[in-house]
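> In the working numbering, the protein residues as written are 170 to 742.
For reference, the structure I am asking about is given below.
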Amino acid sequence: MPSYDVVLIHAPSVYDFRERTVFPGPVSEVVPSLYVFDMYPIGFLTLASFLEEKGFRVAIFNLASKMLSDKDFNVPNFLERLDAKIYGIDLHWLVHAHGAIEIARMIKQFHPNSRVVLGGISSSYFWEEIMKSYSFVDFILRGDSTEDPFASLAEKVIEGDNDFSTVPNLVWRENSRIRVNPLSYVPRSLDYTSPSYDFMIRQILRTKDLALSAPFASFLKNPITAVLTAKGCVFNCVGCGGSKSFYSNFLNRSCLALKSPERIAQEVESIAEKLKAPIFILADIRLGGRERAERIIQELKAIDVGNDLMLEFFFPVNRSLLQQLSRLGDNVYIQISPETQIERVRYSYGRLYKNKSLEKMVNNSIKLGIKRVDLYFMTGLPLQTAEDAVGVAKYFEYLLNENDALGKLEAFTAPLAPFIDPGSVAFENPEKFGYNIIYRTFLEHRNALLEPHWKYILNYSTNWMDRGEIVEASLNAAERLAEIKEKYGIIDRETLAAVKERTSFSRECLALIENAVNRGEDKRYVLDSLKAKIAELMEEREFLLKKELYPRIGLISSLRPLGIIKGLIRTLF
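In structure tokens, the structure reads:
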């Protein structure tokens, strides 16, 4: 295996998920990842591209994707054969609290003279507990942008310079002391670097292993790509770890970091050169103001890539901007998360708009030829009752009929799971919002991920629903919404049956566990006899349940050979 300066590794949520019997439920139904959260953060590709431009030899290995795709893949053997001076492991989403730490532990065991670095939002929040508890973690890079600090750190490690006091954002060890450098690298523009899809080509050529190199496991069947347009936020949705208050309090970001319209278009064009896959434009393009949003649309129109374009919005879009979006072509998808059809519940969560505004956007989008509007709803909100959660289906049916929206409107519902984000306003001040936080420390969340059923993984309850009621309301909401979709031909009977099979099985598993607890038995082993069934429902069937999430195009069908050849030429010369 080649020698590297830096190896970046994405771990599964739970390292030994293939050995454990856990029914994680619908915790990942509205994202491309499966239940082990196998999609690595988009920042991984940006970081790798930046480091390679600086002259470092870099690789990304997606262990989670590989472990899902290859049941016989031996992780310890693979890690032992690696050769790198620095191993970077993302601990961005807290669902990786188990997997990231276990991979770090093994790397240090096999490579005691190499350095182990963690980074991401969750490690930025829990840096002190992690450094005190896990001596095999050498460094944590805090903040939302660590490319330049990582390059400075890598240079020092390679040169054998152990004085890390000048590396911004770094938490490090000096003998027995934990040193904390100022979180001072907080760029206001994102134009300083871009993810390189030529890097991905090189990675695949080197490894000859698509599963190990893919951004997520199902990328091989249904690829989707992304362009990040901003970091930071101007909103404070109460359970969100990407809110304005979180960025300010824990990442030292007092203002947005924006990517220029020109750079956004360049990245979209770079993807489209190689793939016909859908491109997700991440973060509301209006965050930098109306003028910037219009310029982004103008730049996208100028390149005219032909890929499906997906844009997310944090509040309803007015007709004028929708009209401009519609001129991009017939391949524009819009996503918005009203969270609930109950206005007072939506307001309590931080989404400050009325149903009338949402419905006007839906109606205008359909009339103007937007290909599809996707609505995302959630169970586990302040003030929300079980009846409110299930009522999403009726509201979706109303929107379909009111707007003649069949084929133009979709809706998805999922629990707020598995965690209310640490650092969010609800986590920091739960009583104010009617939440009860069950797990507070990093270790408690790490242990929670090993619970046999997703009810026990949830780190919260509300004053209106306990964890069991959140589970049941989520299952009922999913069933009822699926029934409405089947009624109108949005999904077929097979998909409806799969939804009901999984919700029924979730109830069955929970009943078995709770009966065992009542008998004083250890709940961890109750589901062992159902391991094969759980694997079937959480892997094979999940692909079926996700098929409406994004436009579907197979990886082979999405390839643009000429663009790939150009990338290969750039790679070789």
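Note that the Cβ used here is the ideal one computed from N, Cα and C, for glycine as well.
Just so it is clear, the structure is predicted and the values come from calculations on it, not from any experiment.
1) Tell me whether residue 556 sits in a helix, a strand or coil according to DSSP, three-state version.
2) Please state whether the Cβ-Cβ distance between residue 195 and residue 643 is less than 8 Å.
3) Expressed to the nearest angstrom, what Euclidean distance is found between the alpha-carbon atoms of residue 327 and residue 205?
4) Going by beta-carbon coordinates alone, are residue 267 and residue 619 separated by less than 8 Å?
5) Under a CB-based cut-off of 8 Å, is residue 524 close to chain D?
6) What is the residue span of the alpha helix (DSSP H) that residue 395 lies within?
7) What does the Cβ neighbour count give for residue 271, buried or exposed, with the cut at 16 atoms within 10 Å?
8) Under 8 Å Cβ to Cβ from residue 434, same chain only, skipping five residues before and after it: list those, please.
9) CA-CA distance, residue 678 and residue 598?
10) What would DSSP say about residue 645, mapped onto helix, strand or coil?
11) To the nearest whole angstrom, what separates the beta carbons of residue 172 and residue 239, a pair I think is in contact under 8 Å?
12) Here's a check: name, in chain order, each residue in its chain whose Cβ is nearer than 7 Å to the Cβ of residue 510, leaving out the five neighbours to either side.
13) So residue 541 is in the beta strand (DSSP E); what residue range does that whole segment cover?
14) Within its chain, find whatever has a CB closer than 7 Å to the CB of residue 316; leave out the 5 residues flanking it on each side and keep chain order.
15) Look at the alpha carbon of residue 264 and the alpha carbon of residue 408, and state the distance between them as a whole number of angstroms.
16) Round the Cβ separation of residue 629 and residue 606 to the nearest angstrom and send it over; I've been treating them as touching at under 8 Å.
17) In this structure, does DSSP put residue 317 in helix, strand or coil?
18) The beta strand (DSSP E) that contains residue 347, what's its start and end?
19) Just to confirm, are residue 547 and residue 583 a CB contact at a threshold of 8 Å?
20) Which of helix, strand or coil does DSSP assign to residue 175?
21) How about residue 503 and residue 483: are their beta carbons less than 8 Å apart?
22) Does the contact criterion of 3 or more C-beta pairs under 8 Å hold for the stretch 305-321 versus the stretch 347-359?
23) Does the Cβ of residue 236 have 16 or more other Cβ atoms within 10 Å, making it buried, or fewer, making it exposed?
24) Three Cβ pairs or more, each shorter than 8 Å: is that satisfied between the stretch 691-701 and the stretch 178-192?
25) Pick from 365, 674, 616, 293: whose alpha carbon is nearest that of residue 262?
26) Residue 518: which of 585, 577, 537, 527 sits nearest, CA to CA?
27) With a cut-off of 8 Å, do at least 3 Cβ pairs link the stretch 430-447 to the stretch 609-623?
28) In this structure, does DSSP put residue 341 in helix, strand or coil?
29) Scan the stretch 215-248 and note each continuous beta strand (DSSP E) run of 3 residues or more that stays entirely inside, going in chain order.
30) Would you mind giving the Cβ-Cβ distance between residue 232 and residue 180, rounded to the nearest angstrom? I have them listed as a contact below 8 Å.
31) Consult DSSP for residue 255 and reduce its assignment to one of helix, strand or coil.
32) Identify whether residue 510 lies in helix, strand or coil by the three-state DSSP scheme.
33) Rounded to whole angstroms, what's the CA-CA distance from residue 574 to residue 699? Just pull it up for me.
34) Suppose you measure from the CA of residue 636 to the CA of residue 373; what does that come to, to the nearest Å?
35) Mind checking whether residue 135 and residue 457 have CB atoms under 8 Å apart?
36) Going by C-alpha distance, which of 289, 223, 322, 311 is nearest residue 254?
Looking at the atomic coordinates:
1) helix
2) yes
3) 33 Å
4) yes
5) In the structure shown, chain D does not exist; there is a single protein chain.
6) Element bounds for residue 395: not the alpha helix (DSSP H) but the beta strand (DSSP E), 394-397.
7) buried
8) 465, 468, 469, 471, 472
9) 33 Å
10) helix
11) About 24 Å separates the two Cβ atoms, so there is no contact after all.
12) 524, 560, 561, 564
13) 541-548
14) 215, 216, 219, 362
15) 15 Å
16) 6 Å
17) helix
18) 346-349
19) yes
20) strand
21) no
22) yes
23) buried
24) yes
25) 293
26) 585
27) no
28) strand
29) 227-231
30) 6 Å
31) strand
32) coil
33) 41 Å
34) 43 Å
35) With the chain running from 170 to 742 in the structure shown, residue 135 is simply not present.
36) 322
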